[in-house]
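Student:
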Amino acid sequence: MPGYRMQFRDQMLWMVAIDLMCMLLGSAIGVFSRFQEHEEIVRDVFMHLDGWFLLFSCVVVANYVAGNYRLQYTYSRFNLVVSWLFSMTLAVLMLSLTSYAWMRTLLGRGVLLLSLGIYGVISLSLKMLIYRRLFGGSVFLTRAVILGSGARAEQSKKLLESSFAIPAHKVVAFVEIDPDSGAQGGRVQTLKDGVALIRTAESDFEPLVRSLDASLIAIGLCDPKEAARIYPKLRRLRFEGIEVLTPLGMHELFTGRTPLDLIDEDFIMRMSMESEFPVVRRLKRMIDICVALAGGVALSPLILLTAIVVKISAPRSPVFYFQDRVGQFGRIFRIYKFRTMAADAEKESGPVWAGENDARITGVGRFLRKFRIDEIPQIFNVLKGDMSIVGPRPERPEIVRELDQKIPFYTERENLVPGLTGWAQVRYPYGGTVEDAARKLEYDLYYMKYLSLNLDLQIILSTLRIVIFGKERSS
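Here the sequence shown stands for residues 19 to 493, numbered as in my numbering.
1. In angstroms, rounded to a whole number, what distance separates the CA positions of A80 and A171?
2. Between the beta-carbon of A186 and the beta-carbon of L142, is there less than 8 Å?
3. Out of C240, L43 and I164, point me to the one whose CA is closest to K210's CA.
4. Could you check which residue in A219, D474, S406 and V78 has the C-alpha nearest to that of P436?
5. Assuming contact is defined by CB atoms lying nearer than 8 Å, are T276 and L463 in contact in what I supplied?
6. Does the count of Cβ pairs from the segment 239-247 and the segment 273-288 closer than 8 Å reach three?
7. I need the straight-line Cα distance from F71 to L147, nearest angstrom please.
8. Under a three-way DSSP split, which group does A360 fall into?
9. Taking all protein chains shown into account, decide if A456 is buried (16 or more other Cβ within 10 angstroms of its Cβ) or exposed.
10. Of all the options I237, S180 and S221, which has the alpha carbon lying nearest to the alpha carbon of F192?
11. Relative to the C-alpha of E460, which candidate in L278, F389 and M304 has its C-alpha closest?
12. Check whether the segment 294-303 touches the segment 327-336, counting contact only when three or more Cβ pairs, one atom from each stretch, lie closer than 8 Å.
13. List the DSSP bridge partners of E194.
14. Exposed or buried, what is T439 when buried is set at 16 or more other beta-carbons lying within 10 Å of its beta-carbon?
15. According to DSSP, what are the bridge partners of E342?
16. With burial defined as no fewer than 16 other Cβ atoms inside 10 Å of the residue's Cβ, what is the status of G48: buried or exposed?
17. Figure out for me which residue from P395, L115, L73 and P410 has the closest Cα to the Cα of V344.
18. Specify, as a first and last residue, the run of the beta strand (DSSP E) that R529 falls within.
19. Taking L263 and I281 to be in contact with their CB atoms under 8 Å, please state how far apart those CB atoms are, rounded to whole angstroms.
20. With a threshold of 8 Å, are at least 3 pairs of Cβ atoms found where one atom belongs to the segment 133-142 and the other to the segment 171-180?
21. I need the straight-line Cα distance from K251 to M287, nearest angstrom please.
22. Report the start-end ranges of each beta strand (DSSP E) in the segment 249-283 that is 3 residues or longer and not cut off at the edges.
23. What is the DSSP secondary structure of L131, reduced to helix, strand or coil?
24. At a cut of 8 Å, does the segment 443-450 reach the segment 346-355 through at least three beta carbon pairs?
25. According to DSSP, V408 sits in a beta bridge with which residue or residues?
26. Would you mind giving the Cβ-Cβ distance between R217 and E194, rounded to the nearest angstrom? I have them listed as a contact below 8 Å.
27. Among the residues of its own chain, which have a CB less than 7 Å from the CB of R491, if the five just before and after it don't count?
28. Taking the straight line between their C-alpha atoms, what separation do you get for A310 and Y428?
29. Taking the beta carbon of T481 as the centre, do at least 16 other beta carbons fall within 10 Å, making it buried, or is it exposed?
30. Given a cut-off of 8 Å on the beta-carbon distance, is the pair F74 and M41 in contact?
31. Pick helix, strand or coil for T116, following the three-state DSSP scheme.
32. Report yes if the C-beta distance between E261 and L234 is below 8 Å; otherwise report no.
33. Just to confirm, is the Cβ distance from G138 to M106 under 8 Å?
34. Take every Cβ of the segment 377-384, pair it with every Cβ of the segment 470-478, and state whether three or more of those distances are shorter than 8 Å.
35. Are the beta-carbon atoms belonging to L239 and G313 less than 8 Å from one another?
36. Would you call the CB atoms of V400 and D306 closer than 8 Å?
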């Protein structure tokens with residue numbers, strides 16, 4: 019029986035092979051276009067087989083680290099570009115760190131970047147136009163079994179079948195552990211949503227999964243105690259190469275959030291203990307300072323122009339808006355923004371959530387918010403250390419007190435430095451309800467758990483897309 023990982027391995031090997039051909043083609047075009055009038059240089063360049071091996075190895079390793087060889091988990095073309103940019107940056111860093119002097123005898127920086135650029139165009143074009151058909155067939159479909167048949171099992175089926183850029187899974191059966199099934203264990207009892215519903219004795223569960231040629235088991239049981247009884251058999255199957263996904267793991271993998279109804283205090287504690295946050299925090303702070311300084315200089319004309327426009331639109335109102343927000347560890351700090359609402363907008367209502375179509379927002383303010391221009395002054399909050407480039411968005415103290423009473427684990431987000439943008443901001447639309455705040459917290463918890471520079475890069479590029487095109491966030 020081919021295991022789940024073996025199926026992904028076969029797909030990955032095909033993708034690596036195709037990628038190597040793309041790299042070879044891109045490098046050949048780059049070298050010939052640069053040295054087309056110098057045949058002896060072209061011949062000499064291609065004779066450095068050890069150098070080419072180093073180059074190709076670094077690119078393959080970088081693509082693997084970026085997840086570019088797992089096409090099922092790519093949700094959009096934009097994410098393909100983000101992953102490729104990250105992998106190429108990593109590849110160049112690896113080449114620089116391992117053997118810059120060696121590579122200098124092989125390719126100049128201009129030719130290297132040209133070759134990588136041509137390779138990228140070819141590779142991305144293949145992934146966007148061809149891979150869906152090539153890897154969407156039955157050969158690469160993962161046969162999945164769902165343990166359970168209730169509401170959570172149905173939700174698991176929906177996630178498995180609809181969360182990917184290309185078809186990735188085929189649910190072959192719902193399986194119920196029935197202690198009274200006796201000799202009839204393993205017999206198909208009925209159909210559920212066009213899929214076999216099989217009841218089996220606990221002792222027959224492992225042979226049944228093997229007979230179904232399943233490579234993935236999704237736990238769809240609502241009762242944790244019922245699931246715990248079958249854990250030993252699931253671990254056995256896991257060591258045989260069959261992937262096992264818990265409800266929490268499935269939601270995190272497929273939706274990019276950590277559902278509140280699937281976690282408890284033990285999860286929060288384990289997450290904080292296993293996090294590599296201290297290491298990433300130091301790197302993030304250095305990056306924050308560099309980006310804020312560069313951004314402040316580059317955006318200074320836009321800052322000046324925006325200040326003039328805001329002042330002209332409301333001569334009697336201040337250009338900048340200062341507001342208390344809750345920062346890391348619950349500390350209160352003052353946030354800087356361009357004014358987008360009328361003066362004294364909350365004089366009668368008091369502190370309330372800002373909605374997407376909030377009547378208090380001015381015409382100019384609506385434009386500034388659409389393109390996130392009103393957030394630019396927060397660069398100074400980043401330089402002061404109150405905020406980071408990426409992190410959970412800071413809320414007002416009055417709103418935090420309200421949400422802390424209604425949403426479990428809400429103040430956990432305060433363990434991170436708040437950011438100009440965040441995972442929740444690029445994944446979830448504007449919302450002004452407790453339910454919206456709870457959903458955003460699920461994205462913030464996911465960000466806390468999987469905090470990394472790669473994820474930060476994805477968030478930054480997603481934010482830039484919104485800023486440049488004024489597009490809505492993806493839900």
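By construction, the Cβ of each residue, glycine as well, lies at the ideal position given by its N, Cα and C atoms.
Tutor: On the basis of the data shown:
1. 36 Å
2. no
3. I164
4. S406
5. yes
6. no
7. 28 Å
8. coil
9. buried
10. I237
11. L278
12. no
13. R217
14. buried
15. What sits at residue 342 in the sequence shown is Asp, not Glu. For D342, which the question treats as bridged, DSSP gives the partners R352.
16. buried
17. P410
18. What is shown of the chain runs 19 to 493, which leaves residue 529 out entirely.
19. 16 Å between Cβ atoms; not a contact.
20. no
21. 27 Å
22. 261-263
23. helix
24. no
25. T439
26. 5 Å
27. Confidence at R491 is low in this model, with a pLDDT of 45, below 50, so its placement is unreliable and the value that follows should be read with caution. Q443, V444, R445, Y446, P447 and I484, listed in sequence order.
28. 28 Å
29. buried
30. yes
31. helix
32. yes
33. yes
34. no
35. no
36. yes
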